[in-house]
Amino acid sequence: MNAIFSFSVSFRCNFAHQKSNHFIVKNRIDEILLKDIFTKDDLIALLEANETDRKKIYALSAEIKEKYVGKKVYFRGLIELSNICSKNCYYCGIRKGNRSVDRYMVGEQEVLDAARYALDNGYGSMVLQSGERSDRKFVNEITDLLQKIKDMSDGKLGITLSMGEQSEEVYKEWFEAGAHRYLIRIETSNRELYYKIHPHDSKHDYEIRINALHTLRNIGYNVGTGVMIGLPFQTVSDLAEDLLFFKDLDIDMCGMGPYIEHEDTPLYAFRHLLLPKEDRFQLSLKMVAILRIMMKDINIAATTAMQAIDKLGREKALKAGANIIMPNLTPVKYREGYLLYEDKPCIDEEAEQCKTCLEARIHLAGDEIGFGEWGDSKHFEKRNNEI
0 MNAIFSFSVS
10 FRCNFAHQKS
20 NHFIVKNRID
30 EILLKDIFTK
40 DDLIALLEAN
50 ETDRKKIYAL
60 SAEIKEKYVG
70 KKVYFRGLIE
80 LSNICSKNCY
90 YCGIRKGNRS
100 VDRYMVGEQE
110 VLDAARYALD
120 NGYGSMVLQS
130 GERSDRKFVN
140 EITDLLQKIK
150 DMSDGKLGIT
160 LSMGEQSEEV
170 YKEWFEAGAH
180 RYLIRIETSN
190 RELYYKIHPH
200 DSKHDYEIRI
210 NALHTLRNIG
220 YNVGTGVMIG
230 LPFQTVSDLA
240 EDLLFFKDLD
250 IDMCGMGPYI
260 EHEDTPLYAF
270 RHLLLPKEDR
280 FQLSLKMVAI
290 LRIMMKDINI
300 AATTAMQAID
310 KLGREKALKA
320 GANIIMPNLT
330 PVKYREGYLL
340 YEDKPCIDEE
350 AEQCKTCLEA
360 RIHLAGDEIG
370 FGEWGDSKHF
380 EKRNNEI
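See the structure below:
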């Protein structure tokens, strides 16, 4: 427990130290933002930036976003396909061990109806997300769904999968069936921290999860990952390492946001170690902005968790550098079953309400919607000589 407490104290003291060196940090931020390559110490300084200095970070990230990926925001119609999960991650509301969850699987026709809605409304792409399973029945169902979505849309809908760890053969099967992007969040690049928020067993193996990202890249997917920000036991140094991890891995997409606790999880017992939600939100905005500055042409999602803390959270993420929004197309009757964290927004909004709301949010952020476009990562396309 003393070790756990020291992590929290370290995190908070970093912010206090920054305040006592305001003038120095302010000058240093100016110098850092002129660099092409950031060191870990540079990243820590940026993450600790005060309100005045973070405005400079956001101004630069907005400028880079407009120059390298443009002002278009791309829709990914999200289907939370199933909350049945074989894993027991300590932070997740749909973990296998949570017996208070009513498990579900969205019906095939319901998924196809949502895909038709996405196509008819110019979304360009879909995301199929679920709890992690690798049984052959599930694999076959996903393969069949992918083929039917591709057939129904005449190949017009792009498809992202977020289905967790699978075998290389399954990744290939789904790629050949029509998926071309895959998101598998590492949640933290720090191995020690990883095993503080996951069981230390063969079902939650850090190396297997890292290797999955490399396997997906080799198959030909647009590869995405992400982390939670403001976890218990996490330090600013950990977050700086996460950013360097993204850069070293050369990712194409990123989805990250604030850690928000869920009372039916083991990690909830450590909520007294957490930063206030507003601090977690501000850290998340800085992570988005800094990543945009570091990796200028990747896709970055304005995640729902941002809105769970701040009503304008997704707009602020767009202004900070994000360029992907995921309207929820999951039938409303299932949404209360997919509460990964508390206070998740939009669980009672129909697809049309969600679409109208997000269109307004995007325009409020000063961006436009890339209707009917896949909006694949320019970073991926450049690396593969497609542009």
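FYI, numbering that gives the first Met the number 0 numbers position 204 of the sequence shown as 203, with every residue one higher than the one before it. Even for Gly, the Cβ is constructed at its ideal location relative to N, Cα and C.
Do ALA364 and LYS318 have their CB atoms nearer than 8 Å?
Yes; because the gap between Cβ atoms is below 8 Å, this pair is in contact.
Ends of the beta strand (DSSP E) at PHE74?
Looking at the DSSP string, the run of the beta strand (DSSP E) that includes PHE74 is 71–81.
Whole alpha helix (DSSP H) runs in the segment 310–382 with 4 or more residues, listed along the chain?
The qualifying runs are 312–319, 331–334, 350–363 and 377–382.
Suppose the cutoff is 7 Å on Cβ atoms and the five residues either side in sequence are ignored; what does the same chain contact list for TYR89 look like?
Excluding residues within five positions, the ones whose Cβ falls inside 7 Å are ILE196, HIS197, THR264, PRO265 and LEU266.
Closest to HIS213 by C-alpha separation, out of PHE244, ASP237 and LYS202, would be which residue?
Ranking PHE244, ASP237 and LYS202 by Cα distance to HIS213 puts PHE244 first.
For SER161, which of GLU367, ALA114 and SER129 has the nearest alpha-carbon?
When only C-alpha atoms are compared, the closest one is SER129.
Name the residue from ASN26, ARG360, PRO326 and SER133 whose alpha carbon lies nearest to the alpha carbon of SER462.
Summary: the structure shown does not reach residue 462, with the chain confined to residues 0 through 386, and so no result is reported for it.
Can you give the Cα-Cα distance for VAL68 and LYS377, rounded to whole angstroms?
Cα to Cα, the separation comes out at about 7 Å.
Based on Cα-Cα distance, which residue from ASN26, LYS64 and CYS356 lies nearest to ILE289?
Of ASN26, LYS64 and CYS356, the residue nearest in Cα terms is LYS64.
State buried or exposed for ASP119, treating a residue as buried only when at least 16 other CB atoms are found within 10 Å of its CB.
Burial call: exposed.
Rounded to whole angstroms, what's the CA-CA distance from ARG334 to LEU59? Just pull it up for me.
Going by the C-alpha atoms only, they are around 37 Å apart.
Quick check on LYS381: buried or exposed, where buried means 16 or more other Cβ atoms within 10 Å of its Cβ?
Per the 10 Å Cβ criterion, exposed.
How far does the alpha helix (DSSP H) with ASN139 in it reach, from first residue to last?
Run containing ASN139: 135–151, per the alpha helix (DSSP H) assignment.
Are there 16 or more other CB atoms within 10 angstroms of the CB of PRO275, so buried, or fewer, so exposed?
Per the 10 Å Cβ criterion, exposed.
For SER99, name the three-state secondary structure that DSSP assigns.
Of the three classes helix, strand and coil, the one that applies to SER99 here is coil, per DSSP.
Need the endpoints of the beta strand (DSSP E) that THR159 sits in, please.
From DSSP, the beta strand (DSSP E) with THR159 extends over 157–161.
Kindly identify the DSSP beta-bridge partner or partners of VAL226.
Beta-bridge pairing links VAL226 to GLU186.
Is the distance from the Cβ of ILE28 to the Cβ of LYS55 below 8 Å?
Contact flag set, yes.
Measuring CB to CB, does GLY223 end up less than 8 Å from ILE250?
It is a contact, given that the beta carbons lie within the stated cut-off.
Please state the DSSP three-state secondary structure of TYR193.
In the structure shown, TYR193 sits in a helix (DSSP, three-state: H, G or I).
GLY225: which of PHE379, ALA114 and MET255 sits nearest, CA to CA?
Of the candidates PHE379, ALA114 and MET255, the one whose C-alpha sits nearest the C-alpha of GLY225 is MET255.
Are the Cβ atoms of PHE37 and MET293 separated by less than 8 Å?
Their beta carbons are under 8 Å apart, which means PHE37 touches MET293 by this criterion.
On the criterion of 16 or more Cβ atoms from any shown chain inside 10 Å, does THR51 qualify as buried, or is it exposed?
Exposed, since its Cβ has fewer than 16 Cβ neighbours within 10 Å.
Straight-line CA distance for ASP40 to LEU32?
In a straight line, the C-alpha of ASP40 is about 13 Å away from that of LEU32.
Taking the beta strand (DSSP E) that SER124 falls in, what are its first and last residues?
124–129 is the extent of the beta strand (DSSP E) around SER124.
Take GLN306 and list the residues in its own chain whose beta-carbon comes closer than 7 Å to its own, dropping the five residues that flank it on each side.
Cβ neighbours of GLN306 beyond the five flanking positions: GLY312, ARG313 and PRO344.
Confirm, please, whether the CB-CB distance from ILE158 to LEU111 is below 8 Å.
No, these two residues do not count as a Cβ contact at 8 Å.
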